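Here's the structure, in structure tokens; my notes come after.
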Amino acid sequence: MLDMKILRERPEVIRENLERRGDIDRLPLLENAVRWDREWREGVQDLDRLRHRRNVITGEIRDLKSAGQDAGAKIREAADLPAQIKALETRVDELQRSLRDAMLRLPNLLHESVPKGATEADNIEVRRWGRAAVPRFELKGHGELAEGLGVADFERGRRAAGAGFVYLLGDLARLDMALLRFGVDFLVKRGFTPVLPPFVLRRSAYEGMVDLTAFRDVMYKVEGEDLYLIATSEHPLGAMYMDEILDVDRLPVRLCGAATQFRKEIGAHGVDTKGLFRMHQFDKVEQFVFCRPEESWAVHEELQKNSEGFYRALRIPYRVVILCSGDTGKVAAKTYDLEAWFPRQNAYREVGSNSNCTDYQARRLNIRAGKIGGEKVLVHTLNNTLVATSRCMVAILENFQRRDGTVDVPRVLRPYMGGVSRIGAAARPKPKRKAPARRRASTRTRQRR
RNA sequence: GCGGGGAUGGCCCAGCCCGGUAAGGCGCUGGAUUGCUAAUCCAGUCCUCGAAAGAGGUCGGGGGUUCAAAUCCCCCUCCCCGCGCCA
Numbered sequence: 049m050l051d052m053k054i055l056r057e058r059p060e061v062i063r064e065n066l067e068r069r070g071d072i073d074r075l076p077l078l079e080n081a082v083r084w085d086r087e088w089r090e091g092v093q094d095l096d097r098l099r100h101r102r103n104v105i106t107g108e109i110r111d112l113k114s115a116g117q118d119a120g121a122k123i124r125e126a127a128d129l130p131a132q133i134k135a136l137e138t139r140v141d142e143l144q145r146s147l148r149d150a151m152l153r154l155p156n157l158l159h160e161s162v163p164k165g166a167t168e169a170d171n172i173e174v175r176r177w178g179r180a181a182v183p184r185f186e187l188k189g190h191g192e193l194a195e196g197l198g199v200a201d202f203e204r205g206r207r208a209a210g211a212g213f214v215y216l217l218g219d220l221a222r223l224d225m226a227l228l229r230f231g232v233d234f235l236v237k238r239g240f241t242p243v244l245p246p247f248v249l250r251r252s253a254y255e256g257m258v259d260l261t262a263f264r265d266v267m268y269k270v271e272g273e274d275l276y277l278i279a280t281s282e283h284p285l286g287a288m289y290m291d292e293i294l295d296v297d298r299l300p301v302r303l304c305g306a307a308t309q310f311r312k313e314i315g316a317h318g319v320d321t322k323g324l325f326r327m328h329q330f331d332k333v334e335q336f337v338f339c340r341p342e343e344s345w346a347v348h349e350e351l352q353k354n355s356e357g358f359y360r361a362l363r364i365p366y367r368v369v370i371l372c373s374g375d376t377g378k379v380a381a382k383t384y385d386l387e388a389w390f391p392r393q394n395a396y397r398e399v400g401s402n403s404n405c406t407d408y409q410a411r412r413l414n415i416r417a418g419k420i421g422g423e424k425v426l427v428h429t430l431n432n433t434l435v436a437t438s439r440c441m442v443a444i445l446e447n448f449q450r451r452d453g454t455v456d457v458p459r460v461l462r463p464y465m466g467g468v469s470r471i472g473a474a475a476r477p478k479p480k481r482k483a484p485a486r487r488r489a490s491t492r493t494r495q496r497r
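FYI, in my numbering the residues of the first sequence are 49 to 497.
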């Protein structure tokens with residue numbers, strides 16, 4: 049939510065921001081908000097005058113009674129005040145609710161460095177890393193490949209839980225866990241505290257993080273309970289310090305959430321839709337930071353470095369784009385996407401998103417920084433995917449696929465997989481005792497050619 | 001699931017039976033005093049409206065009774081303890 053002060057003092061800033069985002073549909077919302085705010089303040093003043101009168105008379109009645117005198121006249125004088133107050137209260141409450149609803153729907157102010165643009169196509173690439181190799185042989189689709197290697201079972205996943213769910217088996221199951229564990233260790237080295245959050249949240253906690261409209265569309269609800277499965281660990285991490293005051297000396301708080309995420313809305317476009325790329329359930333390591341306002345832009349770059357460092361460690365080529373004004377999410381002031389190279393799709397595709405939400409989330413969550421009794425200021429919040437395992441595994445299955453249908457495990461992950469260096473090697477017909485060394489070498493040579 | 005106890009300002013806690021200005025402590029901030037520190041004393045410490053003076057609100061949430069509700073009545077939520085069930 050935006051600062052009410054901006055609405056009152058500089059509404060043109062909000063209007064320009066909406067125009068920059070190409071969100072002109074919400075301009076009437078802004079006008080209404082300005083009007084409701086003015087009417088609300090007038091109403092509050094009228095209401096306070098009435099309440100003041102009531103309080104004065106009530107005090108007089110109290111004094112008369114305690115002095116043992118007759119208060120009948122005063123009581124009659126006060127008799128019709130409650131109805132008037134009630135009526136005005138109702139009106140003021142309505143105005144306030146309308147105002148808040150409108151405010152919640154106005155997007156965050158974009159940072160000045162966000163390029164103007166309408167759609168995804170206008171996002172600007174800021175850098176690339178690694179060689180986006182074109183395969184020398186026809187890559188198998190990752191789903192087909194994984195099924196063939198016996199490390200994923202989509203059919204049984206569908207049968208048991210529906211489309212969008214899968215059984216990961218053997219080395220792919222281990223790869224998922226290896227990514228999580230490597231990801232967590234990677235961030236712990238950089239000062240993050242690992243957090244295993246609740247995988248469900250109450251509605252009231254959830255409303256601090258997302259809009260009401262999101263519930264129906266993307267979130268799973270536990271039947272008969274006021275609980276929703278988390279769509280990203282950003283949500284429980286953000287809600288963690290709701291209504292709290294964080295010690296300013298202990299900021300920034302760097303949290304590293306490792307959790308399973310559940311999303312109803314997964315769409316169905318692009319190649320290999322039947323696969324791991326879009327799932328109803330996947331695992332993720334998330335960076336989440338609460339910091340002081342003046343340091344959030346530095347932290348934003350820090351989080352970006354972390355994600356890029358992670359993909360470099362895996363040796364997966366990527367590029368970074370800055371989202372244009374029209375493509376930047378409502379709560380973010382600025383967002384970088386990290387797009388990994390997917391050779392089969394012959395494209396860079398989003399695998400992570402890094403947003404500085406400035407004070408927009410914090411205002412709604414009411415998370416402040418300060419000293420108890422001292423001055424308090426809203427914190428800034430930032431979140432950045434370190435790794436969403438499902439998508440990252442697709443990138444691994446595509447980038448490190450060999451001609452023989454096995455897949456190299458990135459070196460840094462091998463210690464987390466009991467030394468397994470290649471997925472599928474064990475599933476293939478056992479080579480003769482003397483053969484393995486030569487066989488591997490020849491495979492490699494062929495691939496290089 | 002059953003029984004019991006709770007929710008009051010940043011924290012602790014009184015007030016509730018019996019309606020009439022939410023007391024006190026801790027912490028923190030500022031000031032006074034002071035070789036330093038400590039102690040002591042004074043003021044402040046939540047939200048809203050207001051340029052200010054000031055006013056209003058706030059006792060888990062929502063209704064109700066009343067001139068007046070932390071207090072009485074009704075409904076709901078959450079937390080804690082015990083029992084039950086349980087990895």
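Glycine is no exception: its CB is placed at the ideal position from the N, C-alpha and C atoms.
Keep in mind that this is a model prediction, so the values were computed, not measured.
Asked: Per-residue burial, Ser344 [other beta carbons within 10 Å of its own, 16 or more giving buried]; Found: buried
Asked: Proximity below 7 Å, CB of Tyr384 to CB of Gln352; Found: yes
Asked: 6 Å Cβ shell around Arg367 - same chain, five flanking residues per side excluded; Found: Glu173, Arg176, Glu387 and Tyr396
Asked: Boundaries (first-last residue) of the alpha helix (DSSP H) holding Cys440; Found: Thr437 to Asn447
Asked: Residues near Glu125 in its chain [Cβ-Cβ closer than 7 Å; skip 5 each side]; Found: Ile105
Asked: Nonlocal neighbours in the same chain, by C-beta distance under 6 Å from Tyr289, ignoring five residues either side; Found: Ile415
Asked: Inside the segment 235–319 only - alpha helix (DSSP H) runs reaching at least 4 residues; Found: 251–255, 260–266 and 282–287
Asked: Beta bridge counterpart(s) of Cys339 as assigned by DSSP; Found: His428
Asked: Separation of Gln449 from Thr261, as counted between CA atoms; Found: 41 Å
Asked: Inter-residue spacing [alpha-carbon to alpha-carbon] between Tyr254 and Leu147; Found: 21 Å
Asked: Residue of Asn171, Val333 and Asn394 minimising C-alpha distance to Gly230; Found: First, the residue type needs correcting, since residue 230 is Phe and not Gly in the sequence shown. Here the closest residue by C-alpha is Val333.
Asked: Assigned secondary structure, Gln329 (DSSP; H/G/I helix, E/B strand, else coil); Found: strand
Asked: C-beta atoms of Leu285 and Ala417 nearer than 7 Å; Found: no
Asked: Contact under 7 Å by Cβ, Thr437 with Asp233; Found: no
Asked: Whole-angstrom distance between Asn431 and Ser401, CA atom to CA atom; Found: 8 Å
Asked: Residue range of the unbroken beta strand (DSSP E) whose run includes Asp385; Found: Lys382 to Phe390
Asked: Where Val138 falls: helix, strand or coil (DSSP); Found: Reading off the sequence shown, one finds Thr at residue 138, where the question assumed Val. Of the three classes helix, strand and coil, the one that applies to Thr138 here is helix, per DSSP.
Asked: Under 7 Å between C-beta atoms of Val379 and Tyr359; Found: no
Asked: Own chain residues within Cβ distance below 8 Å of Val319, not counting five before or after; Found: Legend: pLDDT at Val319 = 45, less than 50; position of this residue unreliable, value from coordinates given subsequently. Hits under 8 Å: Gly189, Arg392 and Gln393.
Asked: Nearest-angstrom Cβ-Cβ length linking Ala200 and Leu216, presumed shorter than 8 Å; Found: 6 Å
Asked: Validate contact between the segment 59–76 and the segment 99–113 using beta carbons, cut 8 Å, 3 pairs; Found: no
Asked: Short Cβ contact (7 Å threshold) for Arg411 with Met49; Found: yes
Asked: Cβ-based neighbour list, Val301, same chain, cut-off 7 Å, excluding 5 preceding and 5 following; Found: Leu294, Val337 and Phe338
Asked: CA-to-CA distance, Ala127 to Gly116, given in whole angstroms; Found: 21 Å
Asked: Rounded Cβ spacing between Ala287 and Leu244 (contact assumed at less than 8 Å); Found: Between Leu244 and Ala287 the Cβ distance is about 15 Å, and since that is not below 8 Å, they are no contact.
Asked: Chain-order list of residues whose beta-carbon lies under 6 Å from that of Lys269 (same chain, five-residue window excluded); Found: Tyr276
Asked: N- and C-terminal bounds of the beta strand (DSSP E) containing Val468; Found: Looking at the DSSP string, Val468 is not in any beta strand (DSSP E), and its letter there is neither H nor E.
Asked: Leu434 (DSSP reduced to helix, strand or coil); Found: strand
Asked: Assumed close pair Ile133, Arg99 - CB separation to whole angstroms, cut-off 8 Å; Found: 6 Å
Asked: Beta-carbon spacing of Asn156, Ala381 below 7 Å; Found: yes
Asked: Extent of the continuous alpha helix (DSSP H) run through Tyr408; Found: Tyr408 to Leu413
Asked: Three-state class that DSSP yields for Ser161 in the structure shown; Found: coil
Asked: As assigned by DSSP and simplified to three states, the class of Ala395; Found: strand
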